[in-house]
Structure formats: structure tokens, C-alpha cells
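J.: As you go down the protein sequences, you meet chains A and B in turn.
For the first sequence, the numbering used here gives the first residue as 1, with consecutive numbering after it.
For the second sequence, the numbering used here gives the first residue as 177, with consecutive numbering after it.
Number of protein chains: 2
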Amino acid sequence: MKLTAVQQKFILHWGEMGTRWGVNRTVAQVHALLFLADRPLNAEDLVETLGVARSNISTSIKELQSWGIVHTVPVLGERRDHFATTADVWEMFQVILDERKKREIDPTLALLRECVDEANASEADTDQTRRRLTELYDMLGTLGTWYTQIRTLPTGAMIKFVKMGSKVWKVLGLTG
Amino acid sequence: MKLTAVQQKFILHWGEMGTRWGVNRTVAQVHALLFLADRPLNAEDLVETLGVARSNISTSIKELQSWGIVHTVPVLGERRDHFATTADVWEMFQVILDERKKREIDPTLALLRECVDEANASEADTDQTRRRLTELYDMLGTLGTWYTQIRTLPTGAMIKFVKMGSKVWKVLGLTG
DNA sequence: CGATAATTTCTGTATAAACAGAAACAACCG
DNA sequence: CGGTTGTTTCTGTTTATACAGAAATTATCG
Numbered sequence: 001m002k003l004t005a006v007q008q009k010f011i012l013h014w015g016e017m018g019t020r021w022g023v024n025r026t027v028a029q030v031h032a033l034l035f036l037a038d039r040p041l042n043a044e045d046l047v048e049t050l051g052v053a054r055s056n057i058s059t060s061i062k063e064l065q066s067w068g069i070v071h072t073v074p075v076l077g078e079r080r081d082h083f084a085t086t087a088d089v090w091e092m093f094q095v096i097l098d099e100r101k102k103r104e105i106d107p108t109l110a111l112l113r114e115c116v117d118e119a120n121a122s123e124a125d126t127d128q129t130r131r132r133l134t135e136l137y138d139m140l141g142t143l144g145t146w147y148t149q150i151r152t153l154p155t156g157a158m159i160k161f162v163k164m165g166s167k168v169w170k171v172l173g174l175t176g
Numbered sequence: 177m178k179l180t181a182v183q184q185k186f187i188l189h190w191g192e193m194g195t196r197w198g199v200n201r202t203v204a205q206v207h208a209l210l211f212l213a214d215r216p217l218n219a220e221d222l223v224e225t226l227g228v229a230r231s232n233i234s235t236s237i238k239e240l241q242s243w244g245i246v247h248t249v250p251v252l253g254e255r256r257d258h259f260a261t262t263a264d265v266w267e268m269f270q271v272i273l274d275e276r277k278k279r280e281i282d283p284t285l286a287l288l289r290e291c292v293d294e295a296n297a298s299e300a301d302t303d304q305t306r307r308r309l310t311e312l313y314d315m316l317g318t319l320g321t322w323y324t325q326i327r328t329l330p331t332g333a334m335i336k337f338v339k340m341g342s343k344v345w346k347v348l349g350l351t352g
């Protein structure tokens with residue numbers, strides 16, 4: 001698969017941004033390529049197009065599958081695995097957010113629960129410590145609950161909601 | 177400053193999570209300590225409590241300031257700088273989100289704009305490429321606009337909104 | 001304008017992550 | 001059962017990041 005100038009530009013950028021999003025360059029590049037491709041690609045395609053080692057592709061695919069944004073697609077008359085990304089960008093965004101919450105927020109929430117309890121039971125800790133830990137716990141908990149509720153909305157409703165933007169406040173009477 | 181068991185637990189955890197959030201351990205630990213401390217701390221306090229090199233503290237403070245969540249506090253009769261975190265956790269969350277948007281989303285949005293334009297002008301690119309890039313651009317753009325609008329709400333209104341949770345859908349008539 | 005205190009920048013080292021290539025493993029076919 | 005094709009795991013190397021300690025810079029005070 002030969003890349004156009006635009007495709008190459010996007011893949012390179014996506015690869016660099018990946019490092020800021022907590023995945024390595026190759027993982028993000030594989031994702032970008034699968035996202036643009038007009039057919040499912042096999043590992044060999046990825047190796048040739050991106051110029052990285054076969055083993056590296058294997059690891060990257062596994063990582064992307066653990067995120068839930070790449071899946072295998074059976075191709076008629078082909079033995080080897082072919083891969084594709086989630087087609088719908090909104091769904092992809094949701095899935096990534098779910099996973100980030102699970103990895104980046106939930107463990108902290110659980111730990112804060114413990115810390116708050118222990119701080120309340122402890123002689124040594126100051127009111128300041130208790131207060132701050134509790135505030136943090138409450139905030140993350142509130143956000144978590146909110147997110148879970150949004151998440152149950154069908155994608156269509158969510159998009160509609162987001163597109164409403166600031167009109168929402170007016171309807172809700174939160175501000176002028 | 178001597179740490180209680182709870183404080184130590186929180187600081188260590190925050191440090192580890194930091195790496196998942198895109199900052200290094202020391203940066204996150206400094207932030208955690210300042211967050212719990214009941215008074216502004218100077219660099220020497222941080223060195224002693226966390227057991228890291230002075231230079232490392234200097235770099236970490238600079239990083240936290242670039243995020244906008246740590247600021248210096250003048251202390252009467254003291255020459256050296258003292259530092260504190262943003263007190264309000266909701267404000268802190270907003271500031272971090274702003275910064276992440278700026279670093280992790282905005283550059284991609286700009287690049288996608290270019291890619292979409294170039295793909296439309298190009299002979300080589302397929303419809304699939306054009307479509308996918310456009311969808312991605314539209315989604316990120318919509319989200320960005322939405323976020324900007326939320327951001328203008330006073331913190332109080334935002335909290336109220338988040339706490340409403342799924343009641344919002346009912347009011348808006350998006351779902352049953 | 002020195003002298004001292006405080007902070008930042010620089011430089012080398014240690015640590016961790018990414019990656020290529022080889023080896024091992026698994027699946028499928030005649 | 002071999003032979004072939006495809007995938008994953010392992011091992012060493014490279015590369016990037018984090019960090020300590022030293023040196024340089026900046027600020028503050030007598």
C-alpha cells in the first residue's frame with residue numbers, strides 16, 4: 001500500500017501525538033493507517049507501508065485491541081489476519097474515553113476512598129489533609145458518575161447534545 | 177515536613193499516576209505534596225520531604241507552573257520562593273483540561289484542517305481518505321467548540337450542571 | 001559593590017521504553 | 001505427520017527520558 005502525501009502527513013502526525021496520549025509512535029501510526037485504509041490490512045501490509053519490524057506490528061495490534069479500537073476482519077480466501085479500526089469516529093472517541101477513565105481515573109478514585117477513610121480514622125493527619133482529599137474524591141466521583149450517565153446515551157443523542165452547545169445552559173436556566 | 181502514612185500513600189500513588197497522565201513522577205509528587213500541605217512550601221521543604229535533588233524540584237516547579245496549577249506565594253520575612261497549588265479542585269481540573277486541549281487536541285485539529293484541504297485538492301487521494309479525515313476533523317471540531325462553551329460557564333454553574341447528570345437528557349427531551 | 005543566599009541551567013549517568021531480529025510457537029494443508 | 005505459513009514471545013540494542021550533582025547565573029542584603 002503506497003501512501004499519498006496527505007496520508008503520510010497524517011500518519012506521521014498521529015504517531016507523534018500518540019506519545020502525548022500515552023501510546024507509542026508505532027501504535028499510533030498503525031492506528032492512523034488502518035483508519036485511512038479503504039480495506040482491512042494484514043500485518044505484512046503494515047510492515048511494508050510503515051517500515052517497522054513485524055514483531056513491532058504484532059505488539060502494536062495487540063495494544064490497539066486492548067483499547068478496543070481495532071478488530072480483525074476475516075477476508076475471503078485469505079489465511080492471515082486482517083485488521084480494521086472502528087469506523088464511526090464518535091464511537092471510537094467514546095471507547096477511548098472509557099478506557100482512559102478505567103486506566104487513569106478509576107484507580108485513583110479507589111485509592112482516594114481508602115485515603116479519606118484512613119485520614120478520618122487517623123490522629124496524625126490534619127484537617128487540611130482530610131479536607132483536600134475529600135474534595136478531590138468528591139470531584140472525581142461526581143465527574144465519574146456524570147460520565148457514566150452520558151455514556152448510556154445512544155451515540156446519536158450524545159452528538160445532538162454536544163452540538164447544542166451553550167443552548168443547553170439557557171434551557172436549563174443555569175445562566176443568561 | 178514529615179509525612180503521615182496517608183499522605184505518603186497519596187503522594188506515591190499520584191506520582192505513579194502522573195506517568196500515565198503525561199508528567200513524570202517527581203512533577204506529580206511535588207504537586208501532590210503541595211496539594212496536601214497546609215502552608216506554602218519552599219524548594220528546600222520539597223527536597224527534604226520527597227528526597228530528590230534540588231535541581232529536580234526546580235524543573236518540576238517550572239513544569240507545574242507551565243500547567244498553571246502551582247504559583248508562588250510570598251511569605252513574610254522569607255527570602256526564598258514558597259509554592260502552593262490551586263486551592264479549588266474544580267478550578268484545577270478545568271485548568272488541566274484547558275492545557276491538555278491546547279497540547280493534545282488543538283495541534284491535531286490544525287493539521288486535520290490542512291489534510292482535509294489538501295486531500296480535496298489532490299488527485300491521488302481516495303474518497304475514503306477524504307471522508308475519514310473529514311469525519312475526524314468534524315468530530316474534534318464539534319467537541320472543541322462544545323468545550324469552549326462549557327468553559328465560559330462560571331465554575332458554580334458547571335458543577336450544578338454536572339451534578340444534574342442524566343436529568344439533563346429528560347429536560348432536553350433527548351431520551352426517555 | 002562584595003558577600004551570601006537562592007535558583008536555574010548544564011552535563012554526565014542511570015533507568016526505562018521502543019524496537020529489530022531471532023527463535024519459539026501455533027495453525028493449517030497436503 | 002512433515003512442510004509451509006502466520007503469529008507471538010524472547011533477547012539484545014538503540015534511543016529517549018529522568019534525574020543527581022556541579023557549575024553558572026541571578027537576586028538580596030549589609
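Here a beta-carbon is modelled for each residue, glycine too, at the ideal position from N, C-alpha and C.
Within 9 Å (strictly less), CB to CB, does K238/B reach chain A?
T.: no
J.: Within the continuous alpha helix (DSSP H) that includes T235/B, where are the two ends?
T.: 230-243
J.: Exposed or buried, T86/A, counting other C-beta atoms within 10 Å across all chains shown (16 or more means buried)?
T.: buried
J.: What does R103/A touch in chain B if you count any residue whose Cβ is under 7 Å from its own?
T.: Neighbours of R103/A on chain B, chain order: R196.
J.: Kindly indicate the opening and closing residues of the alpha helix (DSSP H) around G152/A.
T.: Looking at the sequence itself, residue 152/A is Thr, so the reference to Gly does not match. T152/A -> alpha helix (DSSP H) spans 127-152.
J.: Per DSSP, what kind of secondary structure is T85/A in: helix, strand or coil?
T.: strand
J.: Output the boundary residues of the beta strand (DSSP E) element that contains V73/A.
T.: 70-73
J.: To the nearest whole angstrom, what separates the beta carbons of R149/A and G341/B, a pair I think is in contact under 8 Å?
T.: The residue asked about is misnamed: residue 149/A is Gln in this sequence, not Arg. Confirmed, Cβ separation roughly 5 Å.
J.: Can you tell me where the alpha helix (DSSP H) holding I335/B begins and where it ends?
T.: 331-340
J.: Since I believe S298/B is in contact with V6/A (beta carbons under 8 Å), could you give me their beta-carbon distance rounded to a whole number of angstroms?
T.: 6 Å
J.: Which chain B residues are close to V171/A, counting only those with a beta carbon under 7 Å from its beta carbon?
T.: By Cβ distance, chain B contributes V347, L348.
J.: Pick helix, strand or coil for L41/A, following the three-state DSSP scheme.
T.: strand
J.: Excluding the 5 residues preceding and the 5 following Y323/B in the sequence, name in chain order all residues of the same chain whose CB lies nearer than 8 Å to its CB.
T.: Sequence-distant partners of Y323/B (beyond 5 residues in either direction) whose C-beta falls short of 8 Å from its own C-beta, in its chain, are L273, K277.
J.: Have a look at E63/A and K339/B and give me their C-alpha separation to the nearest angstrom.
T.: 34 Å
J.: Could you spell out where the alpha helix (DSSP H) holding K346/B opens and where it closes?
T.: 343-348
J.: If I measure Cβ to Cβ from V181/A and keep anything under 7 Å in the same chain, skipping five residues before and after, which residues do I get?
T.: Past the edges of chain A, shown from 1 to 176, lies residue 181/A, and the structure says nothing about it.
J.: Against R308/B, what residues of chain A qualify as contacts under a CB-to-CB distance less than 7 Å, listed in chain order?
T.: Ordered by position in chain A, the residues that pass the 7 Å Cβ test against R308/B are F35, L36.
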